[in-house]
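Accompanying notes for the structure given below.
In UniProt numbering, the protein residues as written are 1 to 172.
Here you go:
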């Protein structure tokens, strides 16, 4: 509970929530100063560890980027020099939350080893065989569901029902 309170005490945009969080932290500090100091130190250590992990990610990204540049230079394919405009996924200041499905550093290393296999497979692909898929599909191409068609034909517009009642009321 300490970590979210501590983060929000410094960065929350809403002043009333900022004050509430600050008061909660103040209460925690008054109840047990030793525990508060422990949590503060743990929080700072965790932030330093996350910063180190971020630096390692950026270094690995640079290695991957360099490998890609070297392979592009060695191949005969003409490419534009857009490496400066590529958005780097790990250069933001925020650390992405780690979930059970998120890749680990070992996964990245394993992917580097498989990079040779992937490039060989890509070289085998014939550009003439690649079929370009249109960005938008026409409505006529979409599959038709019979139940939907039946329901659409049975549907009576609310305007039609209201208008027919009005006509009946006018006649009476």
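Where a beta carbon is used, it is the ideal one built from N, C-alpha and C, also for glycine.
Check, Outcome
"Range covered by the alpha helix (DSSP H) that runs through residue 23", "15–31"
"Span of the alpha helix (DSSP H), counted from its first residue to its last, around residue 148", "146–154"
"Contact between the segment 20–39 and the segment 4–11 (3+ Cβ pairs under 8 Å)", "yes"
"Three-way DSSP call (helix, strand, coil) for residue 126 in this model", "coil"
"Short Cβ contact (7 Å threshold) for residue 49 with residue 36", "no"
"Reduced DSSP category for residue 73 - H, G, I as helix; E, B as strand; rest coil", "helix"
"Inter-residue spacing [alpha-carbon to alpha-carbon] between residue 150 and residue 157", "15 Å"
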